[in-house]
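In my numbering, the protein residues as written are 1 to 277. Using N, Cα and C, we set each Cβ at its ideal position, and we do this for glycine too.
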Ligand SMILES: [Zn+2]
């Protein structure tokens with residue numbers, strides 16, 4: 001599932017290529033009204049809120065895209081041929097980029113499209129009030145959080161640390177991949193109860209969280225799963241995993257075998273020696 005770095009990478013390219021443009025039409029899967037809602041509207045701002053992509057339109061509504069499991073946005077040119085939309089750019093031709101749910105035409109001749117193999121991505125047009133509610137229901141963004149804020153945020157929380165880091169109402173943007181990687185770097189067991197963490201451990205989580213998310217943005221996200229950049233190519237963070245999807249492989253620090261277990265209903269990767277409970 002795309003997390004903060006993947007969504008941030010997408011938003012950065014959308015800002016370059018979609019900001020200030022107007023939607024002039026498009027195609028969509030049946031039963032939806034996205035093209036009608038977007039048509040004639042100019043994109044006046046583009047923001048990331050947690051894992052949500054917000055395209056603010058000049059009619060006072062916001063096009064909200066949450067990529068969920070397998071969704072990602074693409075930018076390019078598509079032509080309708082033999083009952084199928086065919087991309088003109090080579091990277092977009094890849095089979096994985098063909099699960100299109102909408103193609104929205106922009107006034108510069110390019111298009112914004114959503115590829116989503118499992119169709120869980122959420123697209124909606126929300127009012128400014130609904131947008132405020134969305135923000136209110138999400139925890140702070142890791143990048144707008146000071147070390148002091150993070151310490152006080154964790155104070156009084158009694159849950160296991162990994163599910164807590166992934167809880168969007170606690171902190172917005174982190175999911176399974178980055179939570180696993182952050183806790184490995186901080187040498188903390190994913191099951192450790194948050195109230196048992198000392199100040200030094202909390203600071204370590206905080207620092208590694210920032211470092212890892214920054215590095216992942218620099219590498220334009222993680223394409224372990226379906227996620228692609230807006231040009232259809234892969235991000236680079238999947239080459240950097242220390243524990244995620246490395247079950248049975250040696251730990252880079254102590255050479256013990258990386259284990260997989262279930263924490264908070266999610267598959268979790270950790271080193272049993274470096275991350276003792
Ligand atoms: Zn280890």
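Measure the CB-CB distance between residue i and residue j and report whether it falls below 8 angstroms.
i	j	result
residue 71	residue 33	no
residue 106	residue 112	yes
residue 221	residue 244	no
residue 89	residue 267	no
residue 52	residue 171	no
residue 3	residue 174	yes
residue 14	residue 73	yes
residue 75	residue 62	no
residue 119	residue 158	no
residue 11	residue 68	no
residue 108	residue 42	no
residue 97	residue 228	yes
So if DSSP puts residue i in a beta bridge, which residue, or which two residues, is it bridged to?
i	result
residue 269	260
residue 72	115
residue 81	84
residue 66	52, 122
residue 61	127
residue 27	103
residue 250	257
When we look at the beta-carbon of residue i and count the other beta-carbons within 10 Å, is it buried (16 or more) or exposed?
i	result
residue 44	exposed
residue 181	buried
residue 5	buried
residue 269	buried
residue 223	buried
residue 251	buried
residue 265	exposed
residue 197	buried
residue 240	exposed
What is the C-beta distance between residue i and residue j, in whole angstroms, given that I count them as a contact (C-beta under 8 angstroms)?
i	j	result
residue 190	residue 155	The pair is not a contact, with the Cβ atoms about 20 angstroms apart (cut-off 8 angstroms).
residue 50	residue 141	7 angstroms
residue 186	residue 201	7 angstroms
residue 65	residue 123	5 angstroms
residue 199	residue 151	7 angstroms
residue 203	residue 147	6 angstroms
Using C-beta distances below 7 angstroms, list every residue in its chain close to residue i, excluding the 5 sequence neighbours before and after it, in chain order.
i	result
residue 217	5, 8, 9
residue 272	256, 259
residue 86	78, 79
residue 92	74, 76, 232
Take residue i and list the residues in its own chain whose beta-carbon comes closer than 8 angstroms to its own, dropping the five residues that flank it on each side.
i	result
residue 26	34, 35, 38, 39, 102, 103, 104, 105, 111
residue 263	160, 162, 163, 190, 191
residue 183	161, 162, 165, 189, 190, 205, 270, 275
residue 248	257, 258
Excluding the 5 residues flanking residue i on each side, which residues of the same chain have their C-beta closer than 6 angstroms to its C-beta?
i	result
residue 138	50, 168, 172
residue 24	105, 107
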